[in-house]
Amino acid sequence: MKKLSLVLLGVFLLGLGFQACDDSKTYAEMKEDEDKAIDQFIREQGFSVISQSEYLSRPDSMTAENEFVQLASGVYMNIVDRGSDNPLDTVKNNDEILVRFLEKNLLQGDTLSNLEIVDMPDMFRYTVTSSSILGIFTEGLMRQAYGTSVPAGWLVPLDYVRDRAHVRLIVPSDMGHQTAMQGVIPYYYDIRKYQIWK
């Protein structure tokens with residue numbers, strides 16, 4: 733019995749030792765790091781931020797050159813070019829969208845881009861149901877890197893722009909792809925073109 737007690741005590745102390753050496757961060761600490769990375773990026777780039785209500789009160793619903801609107805979803809959006817002059821050239825259910833983009837990880841600085849790959853735009857199908865809005869990648873770098881789900885943050889601007897729009901986004905992890913959500917990583921995107929494929 734004494735040997736069993738010593739073995740159990742040893743296992744207990746070993747477990748405490750491993751727990752004391754755990755350097756992993758809590759989710760709250762990771763969210764704090766994410767918020768700091770977004771704030772630092774905004775400062776370093778010289779961006780200004782306005783509220784969604786201020787943005788919506790503008791008659792032209794546009795943003796200035798280095799001005800981002802922080803939307804209710806948490807996504808920061810800058811409309812460089814709204815796209816088509818025809819107000820009917822908007823994304824509709826089941827449309828296929830071609831995208832040219834640059835992605836930057838705001839914690840590590842890694843980038844992914846298809847801007848220089850002429851014959852490889854990313855493509856996704858936009859789907860609206862009674863309970864959700866989804867984008868599913870059908871081809872491209874994002875599909876290869878992260879799977880078929882389009883980051884929710886990429887879909888947010890589609891309510892504000894038209895065919896061939898150019899937007900810049902800062903997407904917090906909870907509106908990003910699976911890697912962003914799992915690692916609590918914010919990303920910056922320069923989406924040069926949302927083109928409705930007809």
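Per my numbering: the sequence shown ends with 930, consecutive numbering throughout. Even glycine gets a Cβ: it sits at the ideal position worked out from N, Cα and C.
What separation, rounded to the nearest whole angstrom, lies between the Cα atoms of SER816 and LYS836?
For this step, residue 816 is matched to residue 84 along the sequence shown. For this step, residue 836 is matched to residue 104 along the sequence shown. Answer to the nearest angstrom: the Cα atoms are 27 Å apart.
Suppose contacts are defined by Cβ-Cβ distances below 8 Å. Is MET907 in contact with SER805 by that definition?
As a position in the sequence shown, residue 907 is number 175, starting the count at 1. As a position in the sequence shown, residue 805 is number 73, starting the count at 1. Contact: yes.
Going by CA-CA distance only, name the one from GLU776, TYR926, GLN910 that's closest to ARG896.
Taking the first residue of the sequence shown as position 1, residue 896 is located at position 164. For ARG896, the nearest C-alpha among the options comes from TYR926.
TYR921 to LEU830, Cα distance in whole Å?
Start at 1 with the first residue of the sequence shown, and residue 921 comes out as number 189. Start at 1 with the first residue of the sequence shown, and residue 830 comes out as number 98. Straight-line Cα distance between these residues: approximately 15 Å.
Measuring only the C-alpha atoms, how far is ASP821 from ASP813?
Against the sequence shown, residue 821 aligns to sequence position 89. Against the sequence shown, residue 813 aligns to sequence position 81. So the alpha carbons of these two residues sit roughly 14 Å apart.
For GLU848, which three-state DSSP category applies?
The count along the sequence shown starts at 1 and reaches residue 848 at position 116. In this structure, GLU848 counts as coil in the three-state DSSP scheme.
Look at the alpha carbon of ALA760 and the alpha carbon of VAL893, and state the distance between them as a whole number of angstroms.
Locating residue 760 in the sequence shown gives position 28, counting from the first residue. Locating residue 893 in the sequence shown gives position 161, counting from the first residue. Taking the straight line from one Cα to the other gives about 34 Å.
In angstroms with no decimal places, state the Cα-to-Cα distance between ASN810 and GLU848.
Taking the first residue of the sequence shown as position 1, residue 810 is located at position 78. Taking the first residue of the sequence shown as position 1, residue 848 is located at position 116. Each residue's Cα considered, the two are about 22 Å apart.
Run through DSSP, which three-state label would ARG857 get?
For the purposes of this step, residue 857 is taken as the residue at position 125 of the sequence shown. Strand, per DSSP.
For the region 775-805, list the alpha helix (DSSP H) runs that are entirely contained and at least 4 residues long, ordered along the chain.
Within the region 775-805, the complete alpha helix (DSSP H) runs of at least 4 residues are 784-788.
Nearest by alpha-carbon distance to ASP891: which of LEU839, SER793, TYR878, GLU828 is it?
Taking the sequence shown and counting its residues from 1, one reaches residue 891 at position 159. It is SER793.
Indicate whether PRO904 and ILE770 have their beta-carbon atoms separated by less than 8 Å.
Looking up residue 904 in the sequence shown gives position 172. Looking up residue 770 in the sequence shown gives position 38. Yes. Within cutoff.
Would you check if the distance between the CB atom of GLU871 and the CB atom of ASP854 is smaller than 8 Å?
Taking the sequence shown and counting its residues from 1, the one referred to as residue 871 is at position 139. Taking the sequence shown and counting its residues from 1, the one referred to as residue 854 is at position 122. In this structure, ASP854 lies closer than 8 Å to GLU871 by Cβ.
With respect to the alpha helix (DSSP H) encompassing GLY867, which residues constitute its N-terminal and C-terminal limits?
Counting from 1 along the sequence shown, the entry for residue 867 is found at position 135. From DSSP, GLY867 is part of no alpha helix (DSSP H) but of the beta strand (DSSP E) over 865-871.
Output needed for THR911: all residues of its chain with C-beta closer than 6 Å, excluding positions within five of it in sequence on either side, in chain order.
Start at 1 with the first residue of the sequence shown, and residue 911 comes out as number 179. Excluding sequence neighbours, THR911 sits near TYR878.
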